[in-house]
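Trainee: Here you go, one structure.
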Amino acid sequence: MHAKELLEVERRDIRALHYTWIAFFLTFYVWFNMAPLATSMLAAESYLTPEHIKLFLIANVALTIPGRVVVGMALDRFGPRRVFSVLMIVMAIPTWFFAFGTSAMQLFVSRLFMSIVGRGRLCGRYSYDRALV
0 MHAKELLEVE
10 RRDIRALHYT
20 WIAFFLTFYV
30 WFNMAPLATS
40 MLAAESYLTP
50 EHIKLFLIAN
60 VALTIPGRVV
70 VGMALDRFGP
80 RRVFSVLMIV
90 MAIPTWFFAF
100 GTSAMQLFVS
110 RLFMSIVGRG
120 RLCGRYSYDR
130 ALV
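Residue numbers (numbering that gives the first Met the number 0): 0 to 132.
This is the structure we're talking about:
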């Protein structure tokens, strides 16, 4: 495949490829947003301790397996476009709660729910697999 062919978005497989990388980067950005900021969070907020950050990192992956099951079932039923759109809209809520959280418990609960957003990468993979069939 030549680089020129990657711009042929009217082809179903190429369009699915682009949807896949867009889904990956959008969900990865939201899901992984805390790790690079952890040290500055500790310095800026007096109520956070290094143990809280470790707990947040565990919460970040706690619901990924159940989320994968739920998102996978939704993909089979509703398709990747609808599921990804709903996932991005709904997961914006815990993202906002994390950004404006004022206690360690608020941050923990929001990170717990944000662990589901990492499963948005399934949407891109699902549409790419269907395009190749």
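The beta carbon of each residue, even a glycine, is placed where N, CA and C say it ideally should be. Predicted model, so just to flag it, every value in this text is computed and none were measured.
#1: Once you ignore the five residues that flank L54 on each side, which residues in its own chain have a CB closer than 7 Å to its CB?
#2: With a Cβ-Cβ cutoff of 7 Å, do A98 and H51 count as a contact?
#3: By the three-class DSSP mapping on this structure, what secondary structure does V8 have?
#4: Where does S39 sit, in a helix, a strand or coil, going by DSSP?
#5: Sort F24, L47, D12, V89 by Cα distance to G100 and report the nearest one.
#6: Within 10 Å of its beta-carbon, does M72 have 16 or more other beta-carbons around it, so buried, or fewer, so exposed?
#7: Kindly give me the distance between the Cβ atoms of V70 and L86, rounded to whole angstroms, as I take these residues to be in contact under 8 Å.
#8: Taking the alpha helix (DSSP H) that A58 belongs to, which residues open and close that run?
#9: Near Q105, which residues of its chain fall below 7 Å by C-beta distance, leaving aside the five closest residues on each side in sequence?
#10: Look at I115 and L62 and say whether their C-beta atoms are less than 7 Å apart.
Mentor: Taking the coordinates as given:
#1: Contacts found: F107.
#2: For A98 and H51, no; Cβs fall outside 7 Å.
#3: If DSSP states are grouped into helix, strand and coil, V8 belongs with coil.
#4: Helix.
#5: For G100, the nearest C-alpha among the options comes from L47.
#6: Exposed, since its Cβ has fewer than 16 Cβ neighbours within 10 Å.
#7: By a beta-carbon distance limit of 8 Å, V70 contacts L86. Their separation comes to about 7 Å.
#8: It spans 49 to 61 - the alpha helix (DSSP H) in which A58 sits, taken as one unbroken run.
#9: Closer than 7 Å at Cβ, skipping near neighbours: F96.
#10: Cβ distance < 7 Å, so I115 and L62 count as in contact.
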